[in-house]
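Undergrad: I'd like to ask you about the structure that follows.
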Amino acid sequence: LCKGIAQLSSIILNDKFSKCAMIEVNSHSLFSKWFSESGKLVARLFEQAEEMASDDSTLLFLLVDEAESLCTRRSSCGNDPTDSIRAVNALLTQLDKLRRRSNVFALCTSNLGDSLDGALIARSDVSRVVPLPGERALTAIYRSCIQQLIAIGVISPTDVDEVMESVCSTLSSSSLSFSARSIRQIPAVAYAKSMKRRMNLETFVPFLFKALEDKKKKLTSRV
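Last residue of the sequence shown: number 228 in the numbering used here, and the count goes up by one each step with no gaps.
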């Protein structure tokens with residue numbers, strides 16, 4: 006969604022900016038890998054953003070994925086190492102520095118909005134809760150995934166139209182508790198478990214439903 010917003014914005018503002026760039030930050034892997042120096046690393050990343058943004062002809066998007074990993078509520082840190090607090094402080098400080106630049110947009114994503122530090126939320130000009138995809142959207146996602154498998158030659162295009170809609174509709178009605186990211190994993194997992202190089206859609210269907218059931222069991226076991 007954030008990438009879509011960035012692309013649309015770059016098109017709309019094409020007359021003002023000749024170039025468009027995006028810096029993606031996976032805060033979870035960044036924080037876990039560089040835990041002892043996370044504050045310094047955050048500052049270093051923003052130095053790169055500052056350098057790119059110094060060119061007024063460049064429209065820059067800074068995407069912080071899984072922001073809760075990097076900017077969790079400081080009040081919840083308790084006796085945790087102060088490095089986690091330093092990381093939050095560093096992120097907030099660097100965001101404040103970028104606010105003076107009109108060619109920079111900071112985008113953050115999180116599945117745990119309640120865990121985010123209040124200071125980050127206060128700095129957000131726009132906050133939106135994106136619900137899980139509905140049945141219609143899920144059907145479109147499944148259809149897109151299957152079409153991709155057809156395009157690369159994994160699924161035979163023979164008799165696809167007769168099976169596609171009913172299969173996608175049935176799958177989507179059983180997937181209402183899943184995110185789009187989770188749904189997109191299911192066809193790939195199904196193909197891996199099929200142990201077949203190429204098959205028609207009708208043969209592939211049982212593997213799809215098995216992958217979906219396995220995903221449900223996995224999620225249930227975590228609860």
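Think of the CB as a built atom: it goes at the ideal place given N, C-alpha and C, for glycine as much as any other residue.
#1: Could you say which of ALA197, ASN31, SER184, LEU96 lies nearest to ALA142 if we only look at CA atoms?
#2: If the criterion is Cβ atoms closer than 8 angstroms, does the pair GLN99 and PHE66 meet it?
#3: Determine the closest residue to ASN31 out of ALA216, ALA95, VAL47, with distance taken between C-alpha atoms.
#4: Exposed or buried, ALA111, counting other C-beta atoms within 10 Å across all chains shown (16 or more means buried)?
#5: Which two residues bound the contiguous alpha helix (DSSP H) that contains CYS7?
#6: Please report the residue range of the beta strand (DSSP E) in which THR63 lies.
#7: Report yes if the C-beta distance between LEU75 and ALA58 is below 8 angstroms; otherwise report no.
#8: Is CYS7 near LEU96, with beta carbons less than 8 angstroms apart?
#9: With DSSP as the reference, label THR114 as helix, strand or coil.
#10: Enumerate in chain order the residues of its own chain whose CB-to-CB distance from THR230 is below 7 angstroms, with the five nearest sequence positions on each side excluded.
#11: With DSSP collapsed to three states, give me the class of SER74.
#12: Starting from LYS198, trace the alpha helix (DSSP H) both ways and give me its first and last residue.
#13: Would ALA92 count as contacting chain D if we go by Cβ distances under 8 angstroms?
#14: Less than 8 angstroms separating the beta-carbons of ASN108 and LEU64?
#15: Return yes when the C-beta of LYS198 is under 7 angstroms from any heavy atom of the ligand PLP, and no when it is not.
#16: Going by DSSP, name the residue or residues bridged to MET27.
#17: When you compare only the Cα positions, how much space is there between ASP101 and LEU125?
#18: Look at the alpha carbon of GLY118 and the alpha carbon of SER187, and state the distance between them as a whole number of angstroms.
#19: Can you tell me the Cβ-Cβ gap for LYS198 and LYS223, rounded? I've got them flagged as a contact below 8 angstroms.
#20: Going straight from the alpha carbon of ALA127 to that of ILE151, what length do you get?
#21: Assign ALA72 to one of two classes, buried (16 or more other C-beta atoms within 10 Å of its C-beta) or exposed (fewer than that).
#22: Report all residues from its chain with a CB closer than 8 angstroms to the CB of LEU103; omit the five preceding and five following residues, and keep chain order.
TA: Answer, in terms of the structure:
#1: SER184
#2: no
#3: VAL47
#4: buried
#5: 7–17
#6: 63–70
#7: no
#8: no
#9: coil
#10: What is shown of the chain runs 6 to 228, which leaves residue 230 out entirely.
#11: helix
#12: 185–199
#13: Checking the listed chains, one finds no chain D in this structure; it contains a single protein chain.
#14: yes
#15: As presented, the structure is devoid of all ligands, the ligand PLP included, so that no description of it is given.
#16: PHE66
#17: 10 angstroms
#18: 19 angstroms
#19: Contact flag wrong, Cβ pair sits at about 14 angstroms.
#20: 41 angstroms
#21: buried
#22: PHE51, ALA54, GLU55, ALA58, LEU67, VAL109, ALA111
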